[in-house]
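Just remember that our numbering sits 49 ahead of the position in the sequence shown, which is counted from 1.
Everything on this sheet refers to the single structure shown next.
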Amino acid sequence: MYPSHPSANSVQQTTVSSRIPRGLDEALEAACQSERVFRSEIIRRALRYYFEQNPDGIELAASARGEKGNQSSPNRGALGLATEEAYDPVTEF
């Protein structure tokens with residue numbers, strides 16, 4: 050294992066990873082504990098809610114990916130989320 054640079058220890062960590070700010074991570078952890086579910090379930094619910102409230106976002110994401118599309122399943126929309134008619138909460142997630 051490589052030793053870390055001495056100045057790296059003096060930097061205050063503001064994120065848990067490069068994508069999740071500390072405040073959001075703490076909120077996710079609190080939601081997980083109160084709902085008694087995994088983080089992935091909270092994130093799945095948030096994404097589903099977002100796309101239900103912003104259906105135009107799905108259209109934009111689909112057009113942004115070009116002709117190639119998502120080859121994994123014909124019933125999946127933008128970001129690999131199941132389309133409404135194909136959604137089955139037991140088997141999809």
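No residue lacks a Cβ here, since even glycine has one placed at the ideal position from N, Cα and C.
Since this is a predicted model, take the numbers as computed values, not measurements.
Since residue i is in the alpha helix (DSSP H), which residue starts that stretch and which ends it?
i, result
"F87", "Counting along the chain, F87 falls outside any alpha helix (DSSP H), and DSSP gives it neither H nor E."
Near residue i, which residues of its chain fall below 6 Å by C-beta distance, leaving aside the five closest residues on each side in sequence?
i, result
"R88", "L77, C81"
"E103", "As written in the sequence, residue 103 is Asn, which differs from the Glu given in the question. Excluding sequence neighbours, N103 sits near nothing in its chain."
Return the chain-ordered list of same chain residues with a C-beta closer than 8 Å to the C-beta of residue i, the five sequence neighbours on each side being excluded.
i, result
"I69", "L77"
Secondary structure at residue i, three-state DSSP: helix, strand or coil?
i, result
"M50", "Any reading at M50 must be qualified, since the residue scores a pLDDT of 42, below 50, and its modelled position is unreliable; no value is offered."
State yes or no: is the C-beta of residue i within less than 9 Å of the C-beta of residue j?
i, j, result
"E75", "E84", "no"
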